[in-house]
Amino acid sequence: MYSTSDEKRALLFNIKNTLEISEEEFDNSWWPLVSNVWTQFNSCKLNNADSWKVFTCRFTKHRESSTRKENIPIKKRRTTMIRPANICHAKTKVIRMTSKKLIQIKRYNNTPDHTHTLIESDRLKCSTYR
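Per the working numbering, the sequence shown starts with residue 1346, numbered consecutively.
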C-alpha cells in the first residue's frame, strides 16, 4: 500500500483519514519515521489492556521562552535555543488495540494541519530512523 518511507512519513505528518496498521509494523517501520515530529501529550490505559496516547506537534510550545538572567558567569550559562510559542497546534491520537494486535492512528479532535513542513521538523530534531 505505502511502500516508501517518504510516503509513510507524509501520511503520518498530516493525518487526514484513520489508519489501521499492525502493532509490529507500526512499532518497527512507521513510528520511527516520525518520532521527531510528535511528542506525547496525554495517555490512558483501559481495563481490557488497550490504550491510547495523544501526541502533539513538537512545535507546540505553550509558554514564551524566558530571557537570559544577568550576572551569570559565561562558564555556567546553559546553551539554549529560544523558539516562539504557539507555532503549531496539530495533534494525533494513537490507539493500541492489544487483543487485535492493531494500531489505529487518527487526527485528534479535528485539530488543524501542521503550520510548518516536515523538513522544518527534521531541522528541530532528527527522527530515530535517520
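All C-beta atoms, glycine included, are put in the ideal place defined by N, C-alpha and C.
Beta-bridge analysis with DSSP links Arg1354 to no other residue. If you check the CB distance, Thr1462 and Ile1432 do not come in under 8 Å. For Thr1384 against Thr1401, the beta-carbon gap comes to about 6 Å, under 8 Å, which counts as contact. Ala1394 and Arg1441 have their C-alpha atoms spaced approximately 9 Å apart.
Looking at the backbone, the Cα of Leu1364 and that of Gln1449 are separated by about 6 Å.
By the CB criterion at 8 Å, Ser1367 and Leu1447 fall inside the cutoff. Of the residues Thr1443, Val1379, Glu1465, Val1439, the one whose Cα lies closest to the Cα of Asn1454 is Val1439.
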